[in-house]
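So the structure is just underneath, and the comments pick up after that.
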Amino acid sequence: MEEKRINEIHRKANMLLREKRLKPALEQMGEEIDALNSWELRTRYSEVTTAYNYMLEYMCKGMPDPNRTLMHSELIGKAYLLNDEIALSRLGEHSLSVYCQMRRKFHGEANIAEFHNRLREHSINRAMLQLMPGNEDKVKEVAKRHEQDSNELFMRLWSEGSWNSRQRNEAKEFLDDLEVDNSDKAMFIGAIIVSLLKIFDPAKAIFLCDACTHDEVPISQRAFVGLFIVAYINNHRIEHYPELTRKIEQLCETPDFENRLLIVQLQFLRTRETQKIDRKMREEIIPAMLKNPNIRNAKLGLDLDKEELEQDDKNPEWQAWLDDDAIKNKLDEMAQWQTEGADVYMSTFSQLKHFPFFNEMANWFRPFDMHNSAVSGLIPSSADTNKVNLLKTLFASRFFCNSDKYSFSFTLQQVPEEQRGMLMQQLGGQHGEEIADPDTEQPSIPRKVEEELQGNQYIQDLYRFFKLSSFKKEFTDPFTLSLNMLESNHLGSILRSTQSMLRIFRYLLQKEYFAEASEIGAAIEKMNDASACDAQFYQEMGYCKQKTGEYDAAVEYYHKADIIKPDTLWTIRHTAQCHRMRRDPKSALPYYLQAEELAPDNRSILLQTGECLVALKRYDEAFTRFFKVEYLEPESIRSWRAIAWCSFMVGKYDQARDYYSRLCSSSARNMQDWLNAAHVELVLGNNGAAIEYYRNAATLCKDGEEFSANLFGDKKVLLARGISMNDLVLIRDIVG
Numbered sequence: 029m030e031e032k033r034i035n036e037i038h039r040k041a042n043m044l045l046r047e048k049r050l051k052p053a054l055e056q057m058g059e060e061i062d063a064l065n066s067w068e069l070r071t072r073y074s075e076v077t078t079a080y081n082y083m084l085e086y087m088c089k090g091m092p093d094p095n096r097t098l099m100h101s102e103l104i105g106k107a108y109l110l111n112d113e114i115a116l117s118r119l120g121e122h123s124l125s126v127y128c129q130m131r132r133k134f135h136g137e138a139n140i141a142e143f144h145n146r147l148r149e150h151s152i153n154r155a156m157l158q159l160m161p162g163n164e165d166k167v168k169e170v171a172k173r174h175e176q177d178s179n180e181l182f183m184r185l186w187s188e189g190s191w192n193s194r195q196r197n198e199a200k201e202f203l204d205d206l207e208v209d210n211s212d213k214a215m216f217i218g219a220i221i222v223s224l225l226k227i228f229d230p231a232k233a234i235f236l237c238d239a240c241t242h243d244e245v246p247i248s249q250r251a252f253v254g255l256f257i258v259a260y261i262n263n264h265r266i267e268h269y270p271e272l273t274r275k276i277e278q279l280c281e282t283p284d285f286e287n288r289l290l291i292v293q294l295q296f297l298r299t300r301e302t303q304k305i306d307r308k309m310r311e312e313i314i315p316a317m318l319k320n321p322n323i324r325n326a327k328l329g330l331d332l333d334k335e336e337l338e339q340d341d342k343n344p345e346w347q348a349w350l351d352d353d354a355i356k357n358k359l360d361e362m363a364q365w366q367t368e369g370a371d372v373y374m375s376t377f378s379q380l381k382h383f384p385f386f387n388e389m390a391n392w393f394r395p396f397d398m399h400n401s402a403v404s405g406l407i408p409s410s411a412d413t414n415k416v417n418l419l420k421t422l423f424a425s426r427f428f429c430n431s432d433k434y435s436f437s438f439t440l441q442q443v444p445e446e447q448r449g450m451l452m453q454q455l456g457g458q459h460g461e462e463i464a465d466p467d468t469e470q471p472s473i474p475r476k477v478e479e480e481l482q483g484n485q486y487i488q489d490l491y492r493f494f495k496l497s498s499f500k501k502e503f504t505d506p507f508t509l510s511l512n513m514l515e516s517n518h519l520g521s522i523l524r525s526t527q528s529m530l531r532i533f534r535y536l537l538q539k540e541y542f543a544e545a546s547e548i549g550a551a552i553e554k555m556n557d558a559s560a561c562d563a564q565f566y567q568e569m570g571y572c573k574q575k576t577g578e579y580d581a582a583v584e585y586y587h588k589a590d591i592i593k594p595d596t597l598w599t600i601r602h603t604a605q606c607h608r609m610r611r612d613p614k615s616a617l618p619y620y621l622q623a624e625e626l627a628p629d630n631r632s633i634l635l636q637t638g639e640c641l642v643a644l645k646r647y648d649e650a651f652t653r654f655f656k657v658e659y660l661e662p663e664s665i666r667s668w669r670a671i672a673w674c675s676f677m678v679g680k681y682d683q684a685r686d687y688y689s690r691l692c693s694s695s696a697r698n699m700q701d702w703l704n705a706a707h708v709e710l711v712l713g714n715n716g717a718a719i720e721y722y723r724n725a726a727t728l729c730k731d732g733e734e735f736s737a738n739l740f741g742d743k744k745v746l747l748a749r750g751i752s753m754n755d756l757v758l759i760r761d762i763v764g
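Per my numbering: the sequence shown = residues 29 to 764.
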């Protein structure tokens with residue numbers, strides 16, 4: 029209970045600071061400080077409150093203070109940091125979380141310089157030992173000590189508070205040292221990221237900004253991905269730290285920054301698909317969830333809900349935006365080893381994270397290394413060269429993220445030796461990798477491509493950590509957020525160019541985030557960029573509005589598209605669909621007729637035009653369309669249903685009986701067919717046949733109430749044809 033209370037007080041103070049209500053926030057923090065025996069926190073609190081009181085006093089006296097706004101902002105920033113430290117100090121007395129346990133265990137700041145020296149020494153020793161044959165045991169021993177020290181540094185960095193100037197300098201020296209393994213640097217970056225996700229520190233965020241321009245891509249891209257998450261989550265806090273703001277501005281001016289940010293943005297958006305696919309697999313895609321019963325006309329057999337009306341949905345011409353995109357080839361390549369972010373290996377490897385290796389939090393962020401002590405025995409010294417090369421090639425593959433490579437290694441260790449070769453060969457063939465000696469010099473890939481690959485792999489590693497690890501409860505999962513950087517004031521401003529916004533807009537449209545895409549599209553439209561607001565753009569905006577049920581707005585966009593590019597079948601048809609969904613067949617009909625002229629043999633358009641005519645009681649014209657569909661497709665169940673019902677409505681009962689007989693004899697018959705056939709027999713006076721058909725219809729209803737609702741749903745039609753209400757009541761009792 030105490031832990032819950034502390035977290036709630038921390039949250040309320042943060043909300044007050046977000047609203048720039050510094051005074052009540054400080055008052056609330058003061059009450060918590062009284063419960064702590066911390067001279068350091070008390071001193072920091074007094075400095076902030078004293079400075080703020082002086083500022084208020086100067087304002088009351090009307091004294092000029094040109095730096096008042098800046099000072100107020102900086103005081104809010106200091107209050108944020110103070111509020112975090114107070115909460116963590118209070119939680120340290122009560123919480124059993126791993127984070128608080130680590131803070132108690134590693135009390136005080138991490139000595140980065142000491143670990144720097146130890147890790148560098150380990151790297152040098154291991155490299156020297158590997159040059160001399162017969163030292164496998166010593167190499168493994170050094171590797172274990174190396175891993176233990178890197179794990180301890182990771183946990184210390186994760187659980188410590190804000191950095192001072194000495195730690196900032198030591199961190200920079202660590203990252204710049206060429207004798208330190210890149211894997212240690214990568215884990216260092218990972219520790220800073222998770223540290224920032226527990227307690228925000230502008231000094232560490234500045235360090236990430238510097239690391240984004242590191243020469244080594246695995247280092248720079250991890251930092252870039254981490255900065256993206258941290259900047260998104262702490263968007264409301266960054267403005268209160270001028271040094272960090274300036275550093276971000278400088279980073280944004282580096283070459284190709286916008287493209288790097290856009291790629292990472294799309295990669296984060298693609299992670300949404302992993303959850304969508306998993307959810308579909310669990311729920312097995314509930315059919316007809318979006319059906320609109322108010323518009324469905326089952327009598328004609330035309331399913332005039334969104335699914336039918338929008339059968340040809342996305343305009344095939346929109347594919348051109350991909351064809352013209354500079355990164356199409358790279359996106360296509362990535363799609364071969366990852367299904368656009370909803371990676372195909374997530375579900376497979378989620379079952380393989382139970383190995384002891386993953387009980388260490390740091391190992392979730394460890395770059396894959398075949399010399400790691402946990403996997404170094406996978407390749408025995410007696411293994412033949414082909415198997416060794418195959419295994420090395422698999423582990424160098426871009427198909428797997430680091431976490432999954434470790435999972436795969438541990439799984440292989442449990443497979444009998446004689447079966448490993450076959451399994452590896454199958455995997456090698458499956459991925460189309462060229463099995464060659466990985467120790468030979470391989471052609472380098474462009475830095476931009478490598479950045480994409482490294483960023484994507486690291487996002488997968490992070491995704492697995494926050495979804496699968498036992499430490500996930502220590503964090504708020506960032507992948508539950510939208511991670512749409514356009515919502516941010518800082519890095520998001522870089523993505524607000526027309527081309528970047530179009531990329532994001534079209535990706536969200538492609539993945540059916542229609543409301544979100546529509547908002548971005550509206551912002552693009554306000555830019556009034558003629559090169560962006562072309563016919564395709566207005567079609568896409570209309571489609572978004574149509575999918576969100578804003579049919580009037582959709583029609584307006586379709587009209588704009590038609591002005592720029594007239595007589596386009598897709599635009600005309602979707603305009604008609606919107607009028608139909610608005611239950612306005614009179615407005616829809618001219619568009620369907622125009623669509624007919626452009627595609628006279630399109631059966632779906634003929635059927636939908638026919639139903640518009642039925643709704644307007646223009647039955648003869650409707651029959652023309654339905655019979656044409658039957659001519660084009662003699663076994664068309666949908667045309668039979670339409671002809672049968674229209675025949676019944678105009679009194680052509682023999683013709684209606686003939687078509688319902690065909691329907692009820694087909695394997696596609698449904699409850700509505702039996703019900704309508706019964707109506708025909710009832711009107712013709714064949715009560716026995718009618719009752720039999722009604723009973724067949726009832727067997728396809730879940731209960732008597734559903735049958736009754738369907739029967740009495742047609743009472744107006746039946747009463748108009750001489751059937752009494754009393755007859756319907758009796759039929760209900762007979763069948764029921």
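Think of the CB as a built atom: it goes at the ideal place given N, C-alpha and C, for glycine as much as any other residue.
Model, not experiment: these values are computed from the prediction.
Considering residue i, what are the terminal residues of the alpha helix (DSSP H) in which it resides?
i	result
residue 493	475–496
residue 213	210–226
residue 258	245–261
residue 683	681–693
residue 602	597–609
residue 534	526–538
residue 171	164–187
residue 554	542–555
residue 657	647–660
residue 381	From DSSP, residue 381 is part of no alpha helix (DSSP H); its letter is neither H nor E.
residue 443	Here residue 443 belongs to no alpha helix (DSSP H), and DSSP marks it neither H nor E.
residue 108	96–119
Please identify the residue among the options whose C-alpha is closest to the C-alpha of residue i.
i	options	result
residue 546	74, 560 and 570	570
residue 495	207, 536, 377 and 213	377
residue 720	636, 764 and 589	764
residue 72	102, 63, 38 and 107	107
residue 171	295, 399 and 701	399
residue 601	626, 580 and 581	626
residue 189	441, 53, 51 and 127	127
residue 711	686, 580, 692 and 748	748
residue 65	117, 296 and 47	117
residue 46	663, 252, 173 and 261	261
If we count the other Cβ atoms within 10 Å of its Cβ and call it buried at 16 or more, is residue i buried or exposed?
i	result
residue 113	buried
residue 460	With a pLDDT of 45 at residue 460, under the threshold of 50, the predicted position of this residue should be treated as unreliable, though the coordinate-derived value follows. Exposed, by the Cβ-count rule.
residue 675	buried
residue 30	exposed
residue 223	buried
residue 33	exposed
residue 549	buried
residue 195	buried
residue 588	buried
residue 39	exposed
residue 620	buried
residue 754	exposed
residue 246	buried
residue 609	buried
Review point. Counting pairs of beta carbons, one from the segment 56–63 and one from the segment 91–99, are three or more of them closer than 8 Å?
Key: no
Check your understanding: Does the segment 477–484 come close enough to the segment 227–234 to have 3 or more Cβ pairs within less than 8 Å?
Key -> no
Point to revise | Cβ contact check for the segment 69–88 and the segment 149–163: 3 or more pairs under 8 Å | key: no
Check your understanding: Is the segment 170–188 in contact with the segment 133–144, if contact means three or more CB pairs nearer than 8 Å?
Key -> yes
Point to revise | Given 8 Å, three or more beta-carbon pairs between the segment 527–539 and the segment 552–560 | key: yes
Practice item. Evaluate contact between the segment 426–442 and the segment 394–402, counting only Cβ atoms and requiring at least three cross-stretch pairs below 8 Å. Key: yes
Exercise for review: Mind the definition here: the segment 498–508 touches the segment 276–293 only if three or more C-beta pairs lie below 8 Å; say whether that holds.
Suggested key: no
Check your understanding: Is it a yes or a no for the segment 627–643 touching the segment 668–687, going by three-plus beta-carbon pairs under 8 Å?
Key -> yes
Practice item. Would you check if there are 3 or more beta carbon pairs closer than 8 Å linking the segment 660–673 to the segment 686–698? Key: yes
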